[in-house]
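Scroll down for the structure; my scribbles are underneath it.
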Amino acid sequence: MIANGEIWDWQSAQQCMAISGCDAVMIGRGALNIPNLSRVVKYNEPRMPWPEVVALLQKYTRLEKQGDTGLYHVARIKQWLSYLRKEYDEATELFQHVRVLNNSPDIARAIQAIDIDKLR
51 MIANGEIWDW
61 QSAQQCMAIS
71 GCDAVMIGRG
81 ALNIPNLSRV
91 VKYNEPRMPW
101 PEVVALLQKY
111 TRLEKQGDTG
121 LYHVARIKQW
131 LSYLRKEYDE
141 ATELFQHVRV
151 LNNSPDIARA
161 IQAIDIDKLR
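Here the numbering used here = 1-based position in the sequence shown + 50.
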């Protein structure tokens, strides 16, 4: 059996396993807050540094299907940034900038323009 529910960090995973008697947990939305949450939970590693999160966001923006006129991609990036704000203060500024943009190319340009080396 695998425990599931409200796993947001190492502490909540340990608490869930202690209460349930399970030796494993299922991670859901918490991975949107901390992209390396599985390693945080399993190995008690620190959360992924913000520059690495930005690199993931940049990679994700490159995955958008060319010619897609829908708002799915726009909504997913904004949703992910909203989750990231819960763990990364830096995500708030990026979210404020991106939230007013209404199409994927503009959002992609804004995220791609971030110089990761300057964040380190």
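Yeah, the Cβ is synthetic: ideal placement off N, Cα and C, and Gly gets one too.
Closest Cα partner of residue 131 within the set 81, 67, 165, 70: Looking up residue 131 in the sequence shown gives position 81. Minimum Cα distance to residue 131 is reached at 81.
Where does residue 95 land, buried or exposed, given buried means 16+ other C-beta within 10 angstroms? Working through the sequence shown from its first residue, we reach residue 95 at position 45. It counts as exposed.
Give a yes or no on whether the C-beta atoms belonging to residue 90 and residue 169 are separated by under 8 Å. Mapped onto the sequence shown, residue 90 falls at position 40. Mapped onto the sequence shown, residue 169 falls at position 119. Between residue 90 and residue 169, the C-beta spacing is not below 8 Å.
Same chain, Cβ closer than 7 Å to residue 60, five either side skipped, listed in chain order: Stepping through the sequence shown from its first residue, residue 60 is reached at position 10. Cβ neighbours of residue 60 within its own chain (closer than 7 Å, five residues either side excluded): 90, 91, 94.
Judging by CA-CA distance, which residue of 100, 54, 106, 85 is the nearest neighbour of residue 74? By 1-based counting over the sequence shown, the position of residue 74 is 24. The candidate whose alpha carbon is nearest that of residue 74 is 54.
Leaving out the 5 sequence neighbours to the left and right, which residues in its chain are closer than 7 Å to residue 160 when beta-carbon positions are compared? For this step, residue 160 is matched to residue 110 along the sequence shown. The beta carbon of residue 160 lies closer than 7 Å to those of 147, 148, 151 in the same chain, with the five residues before and after it left out.
In terms of DSSP beta bridges, what is residue 94 paired with? Here residue 94 refers to the residue found at position 44 when the sequence shown is read from its first residue. BP columns for residue 94 are empty, so no partner.
Where do the ends of the alpha helix (DSSP H) carrying residue 26 lie? Coverage of the chain is limited to positions 51 through 170, which leaves residue 26 absent and any answer about it impossible.
Output the boundary residues of the alpha helix (DSSP H) element that contains residue 100. The count along the sequence shown starts at 1 and reaches residue 100 at position 50. Residues 100 to 112.
Could you name the residues of the same chain whose beta carbon sits closer than 7 Å to that of residue 166, not counting the 5 residues immediately before and after it, in chain order? Position 116 of the sequence shown, counting from 1, holds the residue named residue 166. If we look at residue 166 and ignore the five residues flanking it on each side, its Cβ neighbours are 101, 104, 105.
Between the Cα of residue 68 and the Cα atoms of 78, 79, 83, 52, which residue gives the shortest distance? Numbered from 1 along the sequence shown, position 18 holds the residue referred to as residue 68. Ranking 78, 79, 83, 52 by Cα distance to residue 68 puts 52 first.
Anticipated Cβ contact below 8 Å, residue 137 with residue 84, distance rounded: For the purposes of this step, residue 137 is taken as the residue at position 87 of the sequence shown. For the purposes of this step, residue 84 is taken as the residue at position 34 of the sequence shown. That belief holds up - the Cβ atoms of residue 137 and residue 84 are roughly 5 Å apart, short of 8 Å.
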